[in-house]
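> Provided herewith is a single structure, encoded as structure tokens, for subsequent inquiry.
Numbering (the numbering used here), first residue to last: 596 to 798.
In structure tokens:
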């Protein structure tokens, strides 16, 4: 089985940042993007698309990547998702992630088929999290960061199971939504949420 490598990154100037996001599909919580500049001489073993890793492997790799790479995190809020839609909120989170890097990248590789509206050398790569190590590293960081946020939000808004489902529309989450109504961190622009009145208590 193929694993991510530096093959698609070698032709580009350095420093090079890989960018990916987590949280386009959930009914609640922000969308989170990460930008990662890997040190090609000190790259943790086992980096892969976050979806292909166990929770334990993701947590370990997240710590190892943070210890030896430059990392930027970008967040787009639920309000921004509802205002500009999830696609452009994801692009906004990516812009913020790159802006948060300590070093300006000479090139940015983005997972997906389109780029944020920025003026910087960049390339969109479909399936990039399975092909490019820098993007795969970003997918791990973004996933871990968003999962952490949803676990914290589960404490503030109990009853929806976010520590387990991370805001995705599981049957249990949908049942709780019908029973309790949406919280202020539910995405009101998403159809399963829009049919309900906003829960009055902000937690």
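Beta carbons are placed, not taken as given, at the ideal position from N, Cα and C, and that holds for glycine.
Please name the residue or residues paired with residue 727 in a DSSP beta bridge.
Working through the chain shown from its first residue, we reach residue 727 at position 132. Residue 727 is bridged to 600.
> DSSP on residue 769, reduced to helix/strand/coil?
Translated into the one-based positions of the chain shown, residue 769 becomes position 174. DSSP, reduced to helix, strand and coil, places residue 769 within a helical segment of the structure shown.
> For residue 598, count neighbouring Cβ atoms within 10 angstroms of its own Cβ and tell me buried if that reaches 16, exposed if not.
Within the chain shown, the letter at position 3 stands for residue 598. With fewer than 16 other Cβ atoms within 10 Å, it is exposed.
> Between the stretch 678 to 696 and the stretch 760 to 778, are three or more C-beta pairs nearer than 8 Å?
no
> Can you grab the Cα-Cα spacing for the pair residue 728 / residue 613, in whole Å?
Position 133 of the chain shown holds residue 728. Position 18 of the chain shown holds residue 613. Each residue's Cα considered, the two are about 8 Å apart.
> Look at the alpha carbon of residue 711 and the alpha carbon of residue 704, and state the distance between them as a whole number of angstroms.
Here residue 711 refers to the residue found at position 116 of the chain shown. Here residue 704 refers to the residue found at position 109 of the chain shown. Rounded to the nearest angstrom, the two C-alpha atoms are 11 Å apart.
> Evaluate residue 664 with the Cβ neighbour count: other Cβ atoms within 10 Å of its Cβ, from every protein chain shown; 16 or more gives buried, anything less gives exposed.
Residue 664 sits at position 69 when you count from the first residue of the chain shown. By the neighbour-count rule (16 or more Cβ atoms within 10 Å), residue 664 is buried.
> Excluding the five sequence neighbours on either side, which residues of its own chain have a C-beta within less than 6 Å of the C-beta of residue 637, listed in chain order?
Numbered from 1 along the chain shown, position 42 holds the residue referred to as residue 637. Cβ within range, chain order: 663.
> According to DSSP, simplified to helix, strand and coil, what is residue 718?
Within the chain shown, the letter at position 123 stands for residue 718. Of the three classes helix, strand and coil, the one that applies to residue 718 here is strand, per DSSP.
> Between the Cα of residue 667 and the Cα atoms of 768, 737 and 758, which residue gives the shortest distance?
The residue given as residue 667 occupies position 72 in the chain shown. Residue 667 has its Cα closest to that of 737, out of 768, 737 and 758.
> Which residues in the same chain as residue 780 place their Cβ atom closer than 7 Å to its Cβ, once the five residues preceding and following it in sequence are excluded?
Taking the first residue of the chain shown as position 1, residue 780 is located at position 185. Once the five neighbours on either side are set aside, the close Cβ partners of residue 780 are 623, 624, 673, 748 and 752.
> Run the proximity test for residue 691: is its beta-carbon closer than 6 Å to any non-hydrogen atom belonging to the ligand ADP?
Questions concerning the ligand ADP fall outside what the structure shown contains, since it holds no ligand whatsoever.
> Taking residue 766 as the reference, give the member of 716, 603 and 621 with the closest Cα.
Start at 1 with the first residue of the chain shown, and residue 766 comes out as number 171. For residue 766, the nearest C-alpha among the options comes from 621.
> In whole angstroms, what is the alpha-carbon distance linking residue 716 and residue 610?
Position 121 of the chain shown holds residue 716. Position 15 of the chain shown holds residue 610. C-alpha separation (whole angstroms): 12 Å.
> DSSP on residue 739, reduced to helix/strand/coil?
Start at 1 with the first residue of the chain shown, and residue 739 comes out as number 144. Residue 739: helix per DSSP, three-state reduction.
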